[in-house]
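This report refers to the structure that appears directly beneath it.
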Amino acid sequence: MKDCIFCKIIKGEIPGKFFYKDKDLVVFHDISPKAPVHVLLVPVKHIESLQYITREDEKLIGKVMAKIPEIARKLGIDDGFKIAVNNGRIAGQIVFHLHIHILGGWKRSPEWEI
Numbered sequence: 001m002k003d004c005i006f007c008k009i010i011k012g013e014i015p016g017k018f019f020y021k022d023k024d025l026v027v028f029h030d031i032s033p034k035a036p037v038h039v040l041l042v043p044v045k046h047i048e049s050l051q052y053i054t055r056e057d058e059k060l061i062g063k064v065m066a067k068i069p070e071i072a073r074k075l076g077i078d079d080g081f082k083i084a085v086n087n088g089r090i091a092g093q094i095v096f097h098l099h100i101h102i103l104g105g106w107k108r109s110p111e112w113e114i
């Protein structure tokens with residue numbers, strides 16, 4: 001997707017510092033963190049949002065989900081963290097490239113619950 005900011009970061013067209021990167025996904029810190037630790041886990045493949053996942057993407061999405069505990073451990077938040085996906089404009093999605101927010105680092109449980 002030519003105007004996608006995440007695609008540009010992944011391709012190196014916009015500077016970005018990756019916390020983790022492999023051929024299928026990247027992780028970087030959110031520029032507007034909502035928690036003491038707030039990273040975005042982003043598939044390299046451009047998928048606009050959850051409703052655009054296809055059967056072809058099942059292995060990739062499985063890898064993305066399986067990577068979350070490892071990333072949380074590396075961030076030092078594996079004792080308690082939240083994950084969130086804003087899916088669609090009404091749900092608060094701003095960047096239309098599928099990404100998972102991993103949030104943690106609170107001294108105690110945050111006031112908001114799902």
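Under the numbering used here, think of the first position of the sequence shown as 1, with each following residue one higher. Virtual Cβ for every residue (Gly too), placed ideally from N, Cα, C.
Q) What runs of the beta strand (DSSP E), each 3 residues or longer, lie entirely inside the region 15-44? A) 25-29 and 37-43
Q) Between which two residues does the beta strand (DSSP E) containing Gly62 stretch? A) Stepping through the sequence shown from its first residue, residue 62 is reached at position 62. Careful: Gly62 lies outside any beta strand (DSSP E), inside the alpha helix (DSSP H) at Glu58 to Leu75.
Q. Since Ile5 is in the alpha helix (DSSP H), which residue starts that stretch and which ends it?
A. Taking the sequence shown and counting its residues from 1, the one referred to as residue 5 is at position 5. Taken as a continuous stretch (DSSP letters only), the alpha helix (DSSP H) holding Ile5 covers Ile5 to Lys11.
Q. Do Gly104 and Ala35 have their CB atoms nearer than 9 Å?
A. Within the sequence shown, the letter at position 104 stands for residue 104. Within the sequence shown, the letter at position 35 stands for residue 35. Yes. Within cutoff.
Q) Closest to His99 by CA distance: which of Ile77, Arg73, Lys107 and His29 is it? A) For the purposes of this step, residue 99 is taken as the residue at position 99 of the sequence shown. Looking at the Cα atoms, His29 is the closest of the given residues.
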